[in-house]
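Q: Structure provided below as structure tokens; questions to follow.
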Amino acid sequence: MGNDSVGVVDVKARKLLRTLHGFREPQGIGYEPSTDTVYVASAGDGSVRLLHGEDLTPAGIIGLGADADNIRIDAPSHRVLVGYGGGALAVIDPAHRQKIADIPLKAHPESFQVEPQGGRIFVNVPDANEIAVLDLTTARQTSSWATKDLRANFPLAIDAERQQVVAMFRHPAKLAAFTLRGRGMTHAVEACGDSDDLFVDAKRSLIYISCGEGFLDVFAAQGDAFVRVAHLATAAGARTSLWVPQFDRLFLAVRAAKDPAAIWIFRPAN
Numbered sequence: 000m001g002n003d004s005v006g007v008v009d010v011k012a013r014k015l016l017r018t019l020h021g022f023r024e025p026q027g028i029g030y031e032p033s034t035d036t037v038y039v040a041s042a043g044d045g046s047v048r049l050l051h052g053e054d055l056t057p058a059g060i061i062g063l064g065a066d067a068d069n070i071r072i073d074a075p076s077h078r079v080l081v082g083y084g085g086g087a088l089a090v091i092d093p094a095h096r097q098k099i100a101d102i103p104l105k106a107h108p109e110s111f112q113v114e115p116q117g118g119r120i121f122v123n124v125p126d127a128n129e130i131a132v133l134d135l136t137t138a139r140q141t142s143s144w145a146t147k148d149l150r151a152n153f154p155l156a157i158d159a160e161r162q163q164v165v166a167m168f169r170h171p172a173k174l175a176a177f178t179l180r181g182r183g184m185t186h187a188v189e190a191c192g193d194s195d196d197l198f199v200d201a202k203r204s205l206i207y208i209s210c211g212e213g214f215l216d217v218f219a220a221q222g223d224a225f226v227r228v229a230h231l232a233t234a235a236g237a238r239t240s241l242w243v244p245q246f247d248r249l250f251l252a253v254r255a256a257k258d259p260a261a262i263w264i265f266r267p268a269n
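Start counting the sequence shown at 0; every next residue gets the next number (numbering that gives the first Met the number 0).
As structure tokens, this is what we get:
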């Protein structure tokens, strides 16, 4: 995002392979396997650019108008979902490479996740102080969960084992849980500040949170509660991360400061 480019990294060899230019504030990226296509959403021009997976050459462009942001690939429905603008999720058909629907929201969507085998989408809508619940089949919002006195909900994940959505808030900095049965917030605990990504490690029943204040928090899900088991110092502004279960690693993007920009790799202790 910072220099309008997309980096291609070989995580096994731990090296940067190439840098793709020509984007305007790229925010979200996703790979759609059935068509071997990479999708890149850019906030600067509201576009979703498509790249051939084999060689990363241009494969098309879908204009959304403004502030294209997070991307999710929903394999069961063969749909690509993109949050954008003043409040909507675009539904894209990857086979025809075109937008087929919009799901309206009250304000700009931040992180969202698709319920595994459930057909629901849970969306952080911080400017509306809610988590919106959408039906992908009907392309409509079916309900909303109020965030009460918590504000600025950006990262969100689904804890399938415990049947809950977990979301991080910046004001105040808290990790909160919402039951998938729609009964609202069940509990919240203090966590690191300026969070931007959150992941559930299903294998270990752990939650990883990367925060711009310069920390990585690790919480254990114990019954109906969260217990912080690690508070690791990282770097100021390092709030973008990616948990890859196949590699059993957490990748943290660290912006350039005294040292060049880098990706730090974390391995779970057990």
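Heads up, the beta-carbon is just placed ideally off N, CA and C, and yes, glycines get one too.
These figures come from a predicted structure and were not determined experimentally.
1) When you compare the region 49-68 with the region 85-99, are there three or more beta-carbon pairs, one atom per stretch, that lie closer than 8 Å?
2) Going by beta carbon distance, what residues of the same chain come within less than 6 Å of L50, once the five residues before and after it are set aside?
3) Determine the direct distance from the alpha carbon of K173 to that of A187, and round the result to whole angstroms.
4) Measure the alpha-carbon distance for S76 versus D258 and round it to whole angstroms.
5) Does DSSP put A127 in a helix, in a strand, or in coil?
6) If you measure between the beta carbons of G118 and T136, is that distance less than 7 Å?
7) So if DSSP puts C210 in a beta bridge, which residue, or which two residues, is it bridged to?
8) What is the rounded straight-line gap between the Cα of S33 and the Cα of L241?
9) Just checking, does the region 87-98 make contact with the region 140-149 on the three C-beta pairs under 8 Å criterion?
10) What is the C-beta distance between R254 and G1, in whole angstroms, given that I count them as a contact (C-beta under 8 Å)?
11) Check the DSSP bridge columns for L55 and list the partner residues they point to.
12) Could you tell me the distance, in whole angstroms, from the CA atom of L249 to the CA atom of F218?
13) From D35, I262, G27 and A268, pick the residue whose C-alpha is nearest to that of K11; which is it?
14) Please return the same chain residues whose Cβ sits closer than 6 Å to the Cβ of G27, not counting the five positions on each side in sequence.
15) For the beta strand (DSSP E) holding H186, just list the boundary residues, first then last.
A: Here's the rundown:
1) yes
2) For this step, residue 50 is matched to residue 51 along the sequence shown. Excluding positions up to five away in sequence, the list reads V37 and A58.
3) Along the sequence shown, one-based indexing puts residue 187 at 188. Along the sequence shown, one-based indexing puts residue 173 at 174. Roughly 6 Å between the two C-alpha positions.
4) As a position in the sequence shown, residue 76 is number 77, starting the count at 1. As a position in the sequence shown, residue 258 is number 259, starting the count at 1. Rounded to whole angstroms, S76 to D258 spans 43 Å at the Cα level.
5) The sequence position of residue 127 within the sequence shown is 128, counting from 1. It is helical.
6) In the sequence shown, counting from the first residue as 1, residue 118 sits at position 119. In the sequence shown, counting from the first residue as 1, residue 136 sits at position 137. Yes, these two residues count as a Cβ contact at 7 Å.
7) Counting from 1 along the sequence shown, the entry for residue 210 is found at position 211. C210 is bridged to S194 and F214.
8) In the sequence shown, counting from the first residue as 1, residue 33 sits at position 34. In the sequence shown, counting from the first residue as 1, residue 241 sits at position 242. The straight-line gap from Cα to Cα measures roughly 22 Å.
9) no
10) In the sequence shown, residue 254 corresponds to position 255, counting from 1. In the sequence shown, residue 1 corresponds to position 2, counting from 1. Yes, they are in contact, since the Cβ atoms of R254 and G1 sit about 7 Å apart, within 8 Å.
11) Sequence index remark: in the sequence shown, residue 55 carries index 56 (1-based). Looking at the DSSP assignment, L55 forms no beta bridge with any residue, so it has no partner.
12) For the purposes of this step, residue 249 is taken as the residue at position 250 of the sequence shown. For the purposes of this step, residue 218 is taken as the residue at position 219 of the sequence shown. Their Cα atoms are separated by approximately 14 Å.
13) In the sequence shown, the residue the question calls residue 11 occupies position 12. Taking only the C-alpha atoms, the option nearest K11 is I262.
14) For this step, residue 27 is matched to residue 28 along the sequence shown. Contacts found: A40, D68, N69 and I70.
15) By 1-based counting over the sequence shown, the position of residue 186 is 187. That run of the beta strand (DSSP E) goes M184 to E189.
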